[in-house]
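Written out below as structure tokens is the structure these notes cover.
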Amino acid sequence: MSWYALLFGPDGWIGLLLKGAVVTVALSVTTAPFGFGAGLALALMKMSRNRLLRAACDVYTTFFRGIPDLLALFIIYFGLQALLDRTSKLLGLEGHLELSAFSAGVIALSVVVAAYSSEVWIASLAAVPAGQREAAQSLGLDRAQVFRLVILPQLGRVALPGLGNIWMILQKDTALISTLAVTDLLRAASEASRATTRPLVFYTAAGALYLCFTLVSGVVQGALERRANRGYA
Amino acid sequence: MPAWSQDVLRFVINTELLAQYGWRLLTGLQMTAAVVGLSFCLGFVLAWPVALARMSRRFAVSRLAASYIAVFRGTPLLCQLYLIYYGGGEFRPFFTEVGVWWFFRDAYYCCILSFTLNTAAYQAEILRGAIQSVPKGQVEAARALGLSWLAIMRHVVMPQALLVAIRPLGNELISVIKASALAAIVTLLDLMGQTRFVFARTFDFSIYLYCALIYLALTEMTRRVVEAIEMRLSRHVRAGAPSITVVAPKRRYRVGLGGVRL
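The listed protein sequences correspond, in order, to chains A and B.
Counting with the numbering used here, you get residues 1 to 233 for the letters of the first sequence.
Counting with the numbering used here, you get residues 234 to 495 for the letters of the second sequence.
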């Protein structure tokens with residue numbers, strides 16, 4: 001069968017691939033807010049006056065930046081499962097609590113993305129001039145207000161390039177979730193290859209779709225950066 | 234000690250497990266080191282022509298290199314690995330005829346090939362950035378002195394560019410170490426593969442933590458070594474900067490040639 005028939009013919013596999021692609025996009029879109037948000041929280045904790053808190057956050061980032069993403073995924077996936085088993089046993093719950101592979105994947109990816117993005121947030125927090133904070137304080141704003149009304153709106157512009165890079169990493173990392181029984185784009189390609197014994201076509205198609213995501217992301221990122229930098233020549 | 238805390242402790246530290254399966258982790262580490270070392274070095278060699286092609290003035294050549302870089306940086310490594318490992322099987326009759334089937338049959342070689350192609354794309358961008366960071370005037374001055382292209386590259390551009398490239402290349406090495414765990418998915422028994430093997434046998438979660446500690450030690454060590462190398466090689470640059478000399482230790486190192494400070 002020609003590659004065209006394999007993909008677009010009457011029994012073509014493009015439908016499965018596109019379904020997988022939707023799952024892949026859903027994974028990264030769901031993970032991004034959690035991961036980036038947790039990263040920002042981590043960055044703020046790393047700037048806290050409490051030494052213990054700072055050290056704990058440093059250990060967290062060093063650990064998750066230093067181990068393979070695949071291993072982090074496994075640790076969180078199996079670790080969470082073991083933890084759930086133990087807590088449900090401890091609470092005397094009968095039955096078996098199970099985390100869906102998708103949500104476990106989102107949690108695991110968020111944990112990794114949080115570690116990566118905390119560095120970006122720290123750099124951009126440092127880029128906001130101290131005078132901004134001081135001026136806001138002298139106007140009588142409390143700490144939460146200073147952060148929410150003065151610092152936060154200025155963070156995005158500086159953080160955008162770094163977060164964009166992490167978004168690219170995240171999109172490619174979602175492929176790792178295919179090892180955890182989530183039918184994402186890569187796993188869909190694997191299923192199609194197994195059924196037809198024509199892996200070349202399907203992995204190439206999957207690669208092309210991934211490439212589309214990253215290229216589109218690149219264009220969107222460029223547009224966002226231009227928009228964010230309107231006032232700064 | 235209450236029972237539950239022993240339970241927790243055993244969850245984290247399990248010496249029996251390590252005594253029984255520790256050697257597996259070590260052989261896995263050897264495999265990881267081999268895969269990473271080979272593919273990083275081969276990737277470095279391949280990155281040069283790609284980087285030079287990317288900077289070429291011929292549109293077709295630079296476009297081709299740019300596409301290579303975009304494809305390998307824009308798709309997941311796992312997808313590339315599957316394409317080579319499983320896709321290669323589709324050409325089995327052809328490969329057997331040409332006499333390269335032994336290469337594509339073996340997960341080890343497939344991993345090295347795909348990691349090499351992948352890291353070459355990243356390293357090419359690093360090299361390009363580093364070469365372009367050398368001020369144009371340097372090249373123009375060298376050309377005015379009548380140096381050949383090769384001599385300019387060797388004596389003027391490279392010494393300055395490579396210094397800039399060390400840190401990002403170190404980061405790329407760390408990325409390759411981390412990415413090499415994917416080899417386990419295509420059945421290679423590297424550190425990650427051995428860990429999965431042990432977990433499948435014992436269902437003891439702590440093996441993943443040991444594996445993580447080894448990877449962590451590996452990447453931290455790499456980071457520190459690269460940092461030390463960069464510090465050592467950039468002494469002459471820092472020695473010229475007055476802001477650094479203020480905080481420098483009492484013994485000041487000077488690098489120079491025949492009394493001329495560089």
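By construction, the Cβ of each residue, glycine as well, lies at the ideal position given by its N, Cα and C atoms.
- At a beta-carbon threshold of 9 Å, none of the residues of chain B lie near ILE122 of chain A; the nearest stands roughly 17 Å away.
- Boundaries of the alpha helix (DSSP H) harbouring ILE14 of chain A: 14 to 46, taken from the DSSP string.
- Taking a 10 Å sphere around the C-beta of MET264 of chain B, we find 16 or more other C-beta atoms and assign the residue as buried.
- 9 Å or more divides the Cβ of LEU380 of chain B from the Cβ of VAL367 of chain B.
- Think of a sphere of 7 Å around the beta carbon of LEU449 of chain B: the chain A residues whose beta carbon falls inside it are PHE63, GLY66 and ILE67, in chain order.
- The three-state reading of DSSP puts GLY231 of chain A in coil, since its state is none of H, G, I, E or B.
- For a Cβ distance threshold of 7 Å, residue set ARG198, PRO199 and LEU200 of chain A lies close to GLU323 of chain B, ordered along the chain.
- With a threshold of 9 Å between beta carbons, CYS343 of chain B makes no contact with chain A.
- Taking SER88 of chain A as the centre and dropping the five residues before and after it, the same chain places the C-beta of LEU97 closer than 6 Å to its C-beta, in chain order.
- Inter-segment contact for the region 192 to 201 of chain A and the region 316 to 323 of chain B is present: three or more beta-carbon pairs are separated by less than 8 Å.
- Spanning the alpha carbons of LEU250 of chain B and PHE273 of chain B requires a straight line of approximately 32 Å.
- The beta carbon of LEU224 of chain A lies closer than 7 Å to those of LEU160 in the same chain, with the five residues before and after it left out.
- Within the region 65 to 104 of chain A, the runs of alpha helix (DSSP H) that reach at least 4 residues and sit entirely inside it are, in chain order, 69 to 90.
- Per DSSP, reduced to three states, the secondary structure at ASP142 of chain A is coil, with no helix or strand assignment.
- Nearest neighbour of SER28 of chain A by Cα position, chosen from A:LEU44, A:LEU163, A:PRO129 and A:PHE8, turns out to be A:LEU163.
- Taking the beta carbon of PHE273 of chain B as reference, no residue of chain A falls within 9 Å; the closest one sits roughly 15 Å away.
- In the three-state scheme derived from DSSP, where H, G and I count as helix and E and B as strand, MET391 of chain B is classed as helix.
- About 7 Å separates the Cβ atoms of GLN132 of chain A and ILE151 of chain A, confirming a contact at the 8 Å cut-off.
- Below the 7 Å Cβ cutoff, chain B contributes TYR441 as neighbours of PHE74 of chain A, in chain order.
- Take GLY426 of chain B, set aside five residues on each side of it, and the residues of its chain with a beta-carbon closer than 8 Å to its own are GLY261, MET264, ALA416, ALA417 and THR420, in chain order.
- Listed along chain B, the residues sitting closer than 8 Å to PHE78 of chain A by beta-carbon distance are PHE432, PHE438 and TYR441.
- Taking C-beta atoms as the reference points, PHE432 of chain B and PHE78 of chain A count as a pair closer than 9 Å.
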